[in-house]
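Contents: one structure, followed by commentary.
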Amino acid sequence: MSQPPEHQLREPRQRKRGLENDGGLAVRAAAARALVPVITGKGSLTGLDDHQVVARDRALFKALCYGVCRTLPRLEALAAKLLVKPLKVRDADVQALLLLGIYQLLYLRIPAHAAVGETAGAARLLGKEWATRVLNGCLRRLQREAAGLQDEVDQDPAIALLHPKWLLKMLQQAWPDDWRAICDANNMPGPMTLRVNRRHGDREAYLDRLAAAGIQARLCLHAPDGVTLETPCDVQLLPGFANGDVSVQDEAAQLTSVLLGPTLAPRPGARVLDACCAPGGKTGHLLELFDIEVHAVDSDAERLARVEDALGRLGLAARLAHGDATARDWWDGAPYDAILLDAPCTGSGVIRRHPDIKRLRRPSDIPVAGPGRQLLPEIDSHDGFFYARLKKRLG
Ligand SMILES: C[S@@+](CC[C@H](N)C(=O)[O-])C[C@H]1O[C@@H](n2cnc3c(N)ncnc32)[C@H](O)[C@@H]1O
């Protein structure tokens, strides 16, 4: 069965002996705390930035949190085999540490002694000294019996493919020929794709600016303003980011505004409604591409504030309204030339970016597949295959 690729992450180099334990323990304890809402099915991974983690350890922290969510069904199956009896619900943080330890041993290039010792030791920072022995015992057993235990749990295809059983079944029904490729794509971390602001320059010139900054990238296949980085990086390192020269946006998302080209390009001054606009990725792209008047509505005031920030950085403006798009109290009564409706959905198409969706969604959240209502896989430059299929489906 296919498994996600091994991460290239190592422990941060500058960690010195003496300091090593504290930093290593703290980042693992923070990751365990961040994972508790997800593994108990009560919350998502959003808000990772609110956790106190020193800058040097932030990449490791995020890789641990996302990696555990991505591989959760398999890690949990292995944990069940390693524990003599299941941990109590109130010890979900210890369970999270165990999953973190298994993840490091099987998927990361972290020396085994650090993966075991610092994960077990992190229990002390959670105030659960007793758990260090349990964790040590389980992780050491995994080291000895890794191959056999993995073979056992991988007998179940849902575990081997890292998806909940119900979701795997739905994917198999909706995509009888492609479900395995969809699962594999869901299990790969997504690339970082940028949208170059046409009003500030073209993407070929921006590729040169990236190269000058030592950032390797390539042009997207389908999105005419898109550039994909070889390795994700902090946005503050991107040339001209603060001036709005570039934004982070997946290639598939960039295609939305491009599809409106035939309608909007020949109609300067056209009135466009962006009915579910926050955080404003598509609002900004529409305004970069066309000389139009955008009325951007969202029912979530906090998210709407992010639209204002995003447009401010790009130096563009829209008429923003906080309101329910299904009501009319925000509408001035004049008709629109185009309406973009990016309504909330199950998120089943963005699992690789938000792997916690696999734990947080319920079968009842996803309507039974039928014409035009099937689960759609995320589309981007790695998935030209899906793009072609989607185009075929939409005609
Ligand atoms: C998929 S997101 C939109 C993403 C956005 N188009 C972009 O490209 O950045 C869906 C948005 O719909 C908003 N929303 C949900 N129900 C709404 C409603 N009844 N009226 C307006 N906005 C709504 C949510 O707050 C959320 O911000």
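In terms of the numbering used here, the sequence shown opens at residue 7 and continues consecutively.
The C-beta atom is built at its ideal place from N, Cα and C for all residues, glycine as well.
Where residue i falls: helix, strand or coil (DSSP)
{"i": "T125", "result": "helix"}
{"i": "E236", "result": "coil"}
{"i": "E135", "result": "coil"}
{"i": "A180", "result": "helix"}
{"i": "H301", "result": "strand"}
{"i": "L167", "result": "coil"}
{"i": "D338", "result": "coil"}
{"i": "T289", "result": "helix"}
{"i": "D28", "result": "helix"}
{"i": "L145", "result": "helix"}
{"i": "H119", "result": "helix"}
{"i": "D371", "result": "helix"}
{"i": "R319", "result": "helix"}
{"i": "R205", "result": "coil"}
{"i": "D280", "result": "strand"}
{"i": "T199", "result": "strand"}
{"i": "I345", "result": "strand"}
{"i": "A229", "result": "coil"}
{"i": "R215", "result": "helix"}
Contacts around residue i, its chain only, beta-carbon distance under 7 Å, and the 5 residues preceding and following it disregarded
{"i": "A37", "result": "F67, L70, C71, L106"}
{"i": "A164", "result": "P79, P170, K171, L174"}
{"i": "A118", "result": "L111, Q149"}
{"i": "A128", "result": "L31, R34, A35, A38, L103"}
{"i": "R146", "result": "V122"}
Beta-carbon proximity of residue i to residue j, cut-off 8 Å
{"i": "C282", "j": "P350", "result": "yes"}
{"i": "G30", "j": "A120", "result": "yes"}
{"i": "A324", "j": "T352", "result": "no"}
{"i": "L114", "j": "T125", "result": "no"}
{"i": "V233", "j": "R215", "result": "no"}
{"i": "A344", "j": "T262", "result": "no"}
{"i": "H169", "j": "K364", "result": "yes"}
{"i": "S305", "j": "D338", "result": "no"}
{"i": "I108", "j": "L84", "result": "yes"}
{"i": "L310", "j": "H291", "result": "no"}
{"i": "K87", "j": "E158", "result": "yes"}
{"i": "L131", "j": "A32", "result": "yes"}
{"i": "I372", "j": "M176", "result": "yes"}
{"i": "L293", "j": "L322", "result": "yes"}
{"i": "I403", "j": "V278", "result": "Here the chain has residues from 7 to 401 only, and residue 403 is not among them."}
{"i": "V264", "j": "V254", "result": "no"}
{"i": "R319", "j": "A248", "result": "yes"}
Local Cβ density within 10 Å of residue i, reported as buried at 16 or more and exposed below that
{"i": "V300", "result": "buried"}
{"i": "V60", "result": "exposed"}
{"i": "P197", "result": "buried"}
{"i": "R34", "result": "buried"}
{"i": "A259", "result": "buried"}
{"i": "N192", "result": "buried"}
{"i": "D362", "result": "buried"}
{"i": "D280", "result": "buried"}
{"i": "S354", "result": "buried"}
{"i": "R334", "result": "exposed"}
{"i": "V95", "result": "exposed"}
Contacts around residue i, its chain only, beta-carbon distance under 6 Å, and the 5 residues preceding and following it disregarded
{"i": "V42", "result": "A98, D99, A102"}
{"i": "G49", "result": "P43"}
{"i": "A219", "result": "P245"}
{"i": "H57", "result": "A36, A40"}
{"i": "H206", "result": "D251"}
{"i": "L295", "result": "S263"}
Contacts around residue i, its chain only, beta-carbon distance under 8 Å, and the 5 residues preceding and following it disregarded
{"i": "V202", "result": "D208, R209, Y212, D231, G232, V233, D251, V252"}
{"i": "L155", "result": "L84, K87, L88, L148"}
{"i": "Q161", "result": "none"}
>> Please give the ranges of any alpha helix (DSSP H) in the region 27 to 114, keeping only runs that are unbroken, at least 4 residues long and fully inside the region.
In response: 64 to 76, 78 to 88, 98 to 113
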